[in-house]
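Residue numbers (UniProt numbering), protein chains in the order written: chain F, 1 to 395; chain A, 1 to 395.
For glycine and all other residues, C-beta sits at the position ideal for the given N, C-alpha and C.
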């Protein structure tokens, strides 16, 4: 084995995770749970690999050993990455892959029976990228006596409060975030090609900091310029950066699948009035939100504090201003549980982590200044990163 | 607009694509089609952006203008990237995002009604990452009078034969593939950290070749070493490369979302007998398969030609040996239609493109030597890349 530490967390940590999950399963009245979200699979078992483009799952029975299940060739990756004392490994043969005649979920139903998994009430992640409509209808047909229930985000919610081991990983990711954000700020100049800057940023992230080797973030660098910065999810092209344009960089350092996203914006030339007003509102709004980001308050308190500043500045955002973060796989580095918005009433607890993300995406301009934060026992939230909270002006 | 060429293809090309799709829709008896696969959305309309982590779609009615539909903030990206003369833009508000109270598909159902889209017989992509089980059940509930049919891969199949414009993009991607594969071969040495090599490879890919700027591939570099090479989808870590180990590099250059994957393997030190035997079988098998990869033959002919060589060498692969390629988004650079395997009987036609991919993933070693190929009018297939077809031994 060349991988020195295939399961990056302690056995105690994996036991904690399984125990939390089973408590939630019992509360939901589930006999077993089919976990298709790769982030949840990794969190529960350690499984790691870019194999989520085919059907795979971790099955958690309420009692007995969970098992990873996937394509035969990926079971080679499973035995190398999962916590073997706590996780079985099952596979389906390659003729199930992208076949129009058979579906992997037919195989999974057989594996459930072979392992005597209780299937009276099974939870599935109904709204997940990796549990397709066809996976669902196939499973329903294959298990006609089962009550198949929606358990979307059941595991995700157990991930909300980070352990010390996880926070250590996130602090390492934050060091990478600082490095690549500073690099983007330093390198942004008129005439620099966007794709070459994306190359430098990505390489710096993978290289990491000292012994902290960089993993791939769940999203590539987002770095639109000028009027394109109105669109938050445009990626790069071969254009050059231009004087007079603002570019935002939404980036994340990633250490062993744990992400700490951060956005900063760079203005090449002197900023026009509306950009300056946006910067002022974002900084004031972030400060107001951070002040409310305390254990015992609610997620909406952060959003409302920001919203009051935006209202005062006459800026209509019309979008949530953040989401919980941690372990993730493409296509999203969010945890898909809590959102920072007025209707989300979750009580903040120590160890919760968020990307507080009040991006401005107007009709013909955009601006992002954000912070990834940790809810502490006492006092306001702790930002993970150390880049000055401002618009960087390079003239 | 800073984007000089928001729709990279000609109007003729978009008209060709829509026409092909509508013919297939008519044959399938569909009034309209909901396209959730981001690759299909881009192929039909030009839409581009890393926004597929929220629900979005392109709706194609049998008659009348198609429209892109997604999150409000991403409609800013849609108006900048879609072919506006041929595509409408609709959005849902942010309170639909990751909500437990409402689902974007409820909004889509209303948009269909508002646009008078015929919904008696609607096709959906049932087995797609981006059409979740919940999206399906929500749509079924919102459209009780509609016959919602499985149209998985209906659009993907129209993409099988590449136009000259697309082949131009793929040839550009191939130049990047050559560059990054050669770089991986050149840089692989004992003591090189895997993450740093992944950084170099990725940066070289994004930088591209001359004016051919690099886009992000749909999969990150896969480059396991030694016994880990048994597992095809392990990504990197911070370990160093070691003498005595073989590492395979499965990489793809990407130009404007078009991919040309290529794998080569590097042995640090002299290869043991089983690796040499594997190399010989792969090269002979590739040659045999390429010879059969001719217009008029079938996909299975390629697989069977390879299989005969493998049988002779006593190597049991147990996996398909390739798939169609072209435009793609994460998590997969395959087109998810044709597979190179004995049961796939598709007739090969000029303009089809495949990753002919006979990887060996044994219990404790692995080896990959592959070719991306174009089916020609006459003669055997044309490989896109120009890297010698062999195991690279560095001693």
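query                                                                                                                            : result
Heavy atom of the ligand HEM within 7 Å of residue 267 of chain F beta-carbon                                                    : For the structure depicted, the ligand HEM is absent and the ligand set is empty, with no information on it obtainable.
Residues bridged to residue 68 of chain F [DSSP beta-bridge criterion]                                                           : F:58 and F:89
Minimum length 3: unbroken beta strand (DSSP E) runs contained in the UniProt domain "Creatinase N-terminal" (17-161) of chain F : 32-35, 57-61, 67-71, 88-92, 121-124 and 147-150
Residue 374 of chain F in three-state terms, based on DSSP                                                                       : strand
Interfacial residues, the segment 302-328 of chain F to chain A, with Cβ spacing under 9 Å                                       : 317, 318, 319, 320 and 323
Residues that residue 98 of chain F contacts on chain A, provided the C-beta gap is smaller than 7 Å                             : 336 and 339
Residue 43 of chain F versus F:65, F:251, F:299 and F:14, residue with shortest Cα-Cα distance                                   : F:14
Residue 329 of chain F - containing alpha helix (DSSP H), residue span                                                           : Counting along the chain, residue 329 of chain F falls outside any alpha helix (DSSP H), and DSSP gives it neither H nor E.
Beta-carbon spacing of residue 380 of chain F, residue 371 of chain F below 8 Å                                                  : no
For residue 196 of chain F, three-class secondary structure by DSSP                                                              : helix
Helix, strand or coil at residue 250 of chain F according to DSSP, with G and I counted as helix                                 : strand
Residue 220 of chain F - DSSP class collapsed to helix/strand/coil                                                               : coil
Chain F contact residues for residue 220 of chain A, given Cβ-Cβ distances below 7 Å                                             : 50 and 216
8 Å Cβ cutoff, residue 25 of chain F in contact with chain A                                                                     : no
Three-way DSSP call (helix, strand, coil) for residue 322 of chain F in this model                                               : strand
Inter-residue spacing [alpha-carbon to alpha-carbon] between residue 4 of chain F and residue 237 of chain A                     : Reliability of the predicted coordinates at residue 4 of chain F is poor, the pLDDT of 45 falling under 50, and no value is obtained from them.
With 16 other Cβ atoms within 10 Å as the buried cut-off, status of residue 76 of chain F                                        : buried
The segment 109-125 of chain F in contact with the segment 137-144 of chain A per 3-pair CB rule at 8 Å                          : no
C-beta atoms of residue 203 of chain F and residue 203 of chain A nearer than 8 Å                                                : yes
Below-8 Å beta-carbon distance, residue 260 of chain A vs any chain F residue                                                    : no
Closest by C-alpha distance to residue 152 of chain F, when choosing among F:235, F:16, F:40 and F:357                           : F:40
Per-residue contacts from residue 124 of chain A into chain F (C-beta, under 8 Å)                                                : 133
Residue 261 of chain A beta carbon less than 8 Å from that of residue 250 of chain A                                             : yes
Span of the alpha helix (DSSP H) around residue 169 of chain F                                                                   : 164-187
Delimiting residues of the alpha helix (DSSP H) encompassing residue 355 of chain F                                              : Taken as a continuous stretch (DSSP letters only), residue 355 of chain F belongs to no alpha helix (DSSP H), being part of the beta strand (DSSP E) at 353-356.
Start and end residues, beta strand (DSSP E) containing residue 259 of chain A                                                   : 258-268
Rounded straight-line distance, which links the Cα of residue 182 of chain A to that of residue 246 of chain A                   : 16 Å
Min CB distance residue 76 of chain A to chain F below 8 Å                                                                       : yes
Beta-carbon neighbours of residue 53 of chain F, restricted to chain A and to distances below 7 Å                                : 331 and 332
Expected contact under 8 Å - CB spacing of residue 325 of chain A and residue 348 of chain A to nearest Å                        : Their Cβ separation, rounded to whole angstroms, is 14 Å, which puts residue 325 of chain A and residue 348 of chain A out of contact at 8 Å.
Integer Cβ distance of residue 90 of chain A from residue 118 of chain A, believed to fall under 8 Å                             : Not a contact, Cβ separation roughly 17 Å.
Straight-line gap, residue 133 of chain F to residue 128 of chain A (C-alpha atoms, nearest Å)                                   : 8 Å
Residue 369 of chain F and residue 356 of chain F closer than 8 Å at C-beta                                                      : no
Closer than 8 Å to chain A by CB, residue 72 of chain F                                                                          : yes
Chain A within 8 Å of residue 386 of chain F, Cβ atoms only                                                                      : no
Cβ-based contacts, 7 Å cut-off: residues of the segment 196-207 of chain F near chain A                                          : 196, 198, 199, 200, 202, 203, 206 and 207
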